Amino acid sequence: MTQDVSRRTLLKGGGAALAGLTALQVSGPAHAFPGHADEQVLPWLDQPTEPPFPDTRFLKWEELDSYFTDPEKFMIVSHYFNPAVDATAFRLGIGGLVARPQSLSLADLKARPRREVTFTLECSGNHGYPFVIGAIGNARWAGTPLAPLLQRAGVREQGTEVVFWGADFGPVTIRDNSGVVKSLPTDAASPVPTDIDLTITEQFARSMSLEEALNGDNLLCYEMNGVPLPREHGFPLRLIAPGWYGVANVKWLTRIEVMDQRYAGRFMARDYVTIREQTREGQTVWTFNTVKHARLKSAPAKVTRRRNRYAIMGAAWGAPISEVEVQVDDGPWRTADLDDHRHENGGSRDRSGFAWRFWTLDWGRPPAGEHTIRSRAYDHDGNLQPPPDDPYLAAKVTFWESNGQIGRRVAIPADSS
Ligand SMILES: Nc1nc2c(c(=O)[nH]1)N[C@H]1C(S)=C(S)[C@@H](COP(=O)(O)O)O[C@H]1N2
Ligand SMILES: [Mo]
């Protein structure tokens with residue numbers, strides 16, 4: 079695949095070298111967040127403008143002070159509205175190509191085996207526009223595994239696709255022929271019909287292949303950071319698909335349906351579709367992919383000052399992170415200290431790669447003036463977060479899946495150098 083080829087050319091060092099670095103980093107600071115009481119956070123010079131979407135909330139990176147994001151500060155991305163689902167009347171239906179259709183109450187789901195996962199949810203639109211840079215949050219999600227419920231329902235042999243429906247819906251224009259109609263000459267022999275447009279009311283829905291749905295990581299979740307899911311995050315039940323971009327994690331989940339063909343709803347086949355202009359044997363082709371798994375990424379979160387010493391802190395996510403490097407202006411790439419987050423995960427390090435890792439670089443006493451700070455992450459397989467001129471990224475014409483390296487600008491005051 080093109081993606082793999084372009085990434086392979088970016089590989090840095092061998093696996094052994096990276097493993098060595100990881101071992102050294104364990105001796106770094108165990109916990110860089112929250113910062114010290116006498117620490118000052120410098121404002122970024124490149125503050126994004128307010129998002130033009132209603133009911134949307136984004137993380138403010140410079141306010142990042144805990145590994146788990148407070149549900150009150152967690153990003154909110156809701157495409158239609160935040161429905162009020164009555165928990166007592168709530169039923170999760172499992173139907174379609176199954177032998178034994180199911181109808182489960184919230185109590186039924188809570189009586190099933192409980193599992194938790196720490197998973198950083200990122201909207202695939204994050205960093206796709208200059209005003210979208212904080213569409214991310216990390217939480218400990220609790221619920222019950224999806225796979226045993228599908229097995230209990232008995233997926234029929236023809237079943238290949240699993241659709242997850244939310245309780246939210248809205249008007250969706252399926253066909254809009256106004257552009258076509260306008261482009262036709264007004265003196266056309268036969269009048270152009272104008273009533274051929276189609277707008278429907280579509281429910282939010284996402285799908286996965288049966289194999290993907292049966293992945294043991296997927297949970298039907300009713301809790302987030304120890305509290306019942308807040309309404310805007312999907313109360314009373316949402317799918318948590320660790321390792322997938324935000325859009326796959328269907329909120330207000332009410333129905334699961336097994337089908338025998340790909341589901342082509344708005345959020346699979348129109349929105350959240352990555353389009354690339356690529357060249358195949360000298361010909362330009364446009365490729366379309368529905369947004370699926372998270373991608374390797376990192377971002378600077380904040381620059382802090384404590385007396386006259388500065389530090390750069392950030393996060394890395396989307397894959398098991400082995401190393402993060404930081405570059406200031408055109409200087410050398412320097413290795414940051416990785417937090418191991420042991421205490422947040424009951425004493426053991428989370429090796430799944432589903433959760434972000436915080437990192438810190440001691441910046442010492444930088445010269446006064448404006449500086450650009452850039453970070454890049456490596457995963458356990460040696461893949462590198464792509465640079466801005468990565469050909470696979472450059473070929474992308476839609477704003478989803480923008481996982482390229484991120485630069486932020488900051489000004490160091492004159493009194494410190
Ligand atoms: N039912 C439903 N589920 C949804 C959405 C939605 O609009 N409706 N938005 C999706 C998108 S695009 C993202 S990024 C995440 C955001 O989850 P959050 O609002 O809990 O942070 O939810 C996903 N699940
Ligand atoms: Mo999203």
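Counting from 79, one number per residue, gives the positions in the sequence shown under the working numbering. Virtual Cβ for every residue (Gly too), placed ideally from N, Cα, C. On a predicted model such as this, the values are computed, not experimentally measured, just so you know.
- Between the alpha carbons of His421 and Ile399 lies a gap of roughly 18 Å.
- Boundaries cannot be given for Asp459, as no alpha helix (DSSP H) includes it and DSSP labels it neither H nor E.
- Leu170 carries a strand assignment under DSSP once its states are collapsed to helix, strand and coil.
- Positions of the alpha helix (DSSP H) runs, each at least 4 residues long and wholly inside the region 318 to 389, are given as 344 to 347 in order along the chain.
- Contact annotation, Met302 with Trp219: C-beta distance approximately 6 Å; criterion of less than 8 Å satisfied.
- Per DSSP, Ala217 is one residue of the beta strand (DSSP E) stretching across Ile214 to Pro223.
- According to DSSP, His311 shares a beta bridge with no other residue.
- Fewer than three Cβ pairs drawn from the region 425 to 432 and the region 410 to 417 lie within less than 8 Å of each other, which leaves the two stretches out of contact.
- A Cβ-Cβ separation of about 5 Å places Ala231 in contact with Gln180 under the 8 Å criterion.
- CA-to-CA, the gap between Ala167 and Ser183 works out to about 8 Å.
- Pairing Gly206 with Ser480 gives a Cβ-Cβ distance under 8 Å.
- Here the C-alpha atom of His449 lies approximately 5 Å from the C-alpha atom of Val488.
- In this structure His114 is exposed. Its beta-carbon is surrounded by fewer than 16 other beta-carbon atoms within 10 angstroms.
- By the neighbour-count criterion, in which 16 or more other beta carbons inside 10 Å mark a residue as buried, Ile274 falls on the exposed side.
- The chain-ordered list of residues whose CB is nearer than 6 Å to some heavy atom of ligand 2 reads Val155, Cys201, Ser202, Gly203, Gly324 and Val325.
- If you look at Asp440, you'll find it in the beta strand (DSSP E) that goes Arg435 to Gly442.
- If you check the C-beta of Ala213 against ligand 1, you find a heavy atom less than 7 Å away.
- Our two residues, Leu297 and Glu355, have alpha carbons roughly 36 Å apart in a direct line.
- The beta carbon of Asp338 sits closer than 8 Å to those of Leu175, Gln236, Gly237, Thr238 and Glu239, all from its chain and outside the five residues before and after it, given in chain order.
- Between His311 and Phe152, the gap from beta carbon to beta carbon is short of 8 Å.
- With a 10 Å radius around the Cβ and a threshold of 16 neighbouring Cβ atoms, Ser287 comes out exposed.
- The nearest non-hydrogen atom of ligand 1 is 7 Å or more from the C-beta of Trp437.
- For the options Asp408, Thr222, Ile390 and Glu403, the alpha carbon positioned closest to that of Pro121 is the one of Ile390.
- With fewer than 16 other Cβ atoms from the protein chains shown falling within 10 Å of its own Cβ, Leu276 counts as exposed.
- Taking 8 Å as the cut-off, the beta carbon of Thr352 is found closer than this to the beta carbon of Trp478.
- Per DSSP, Leu297 lies in no alpha helix (DSSP H) segment; the continuous beta strand (DSSP E) that holds it begins and ends at Leu297 to Met302.
- Assigned with DSSP and collapsed to three states, Leu416 falls in strand.
- Sequence-distant partners of Val328 (beyond 5 residues in either direction) whose C-beta falls short of 8 Å from its own C-beta, in its chain, are Phe242, Trp243, Gly244, Phe282, Ala283, Arg284, Gly312, Arg316 and Leu317.
- Runs of the beta strand (DSSP E) spanning 3 or more residues and lying entirely within the region 109 to 161 occur at 118 to 120, in chain order.
- Distances from the CB of Asn327 to the heavy atoms of ligand 1 include at least one below 7 Å.
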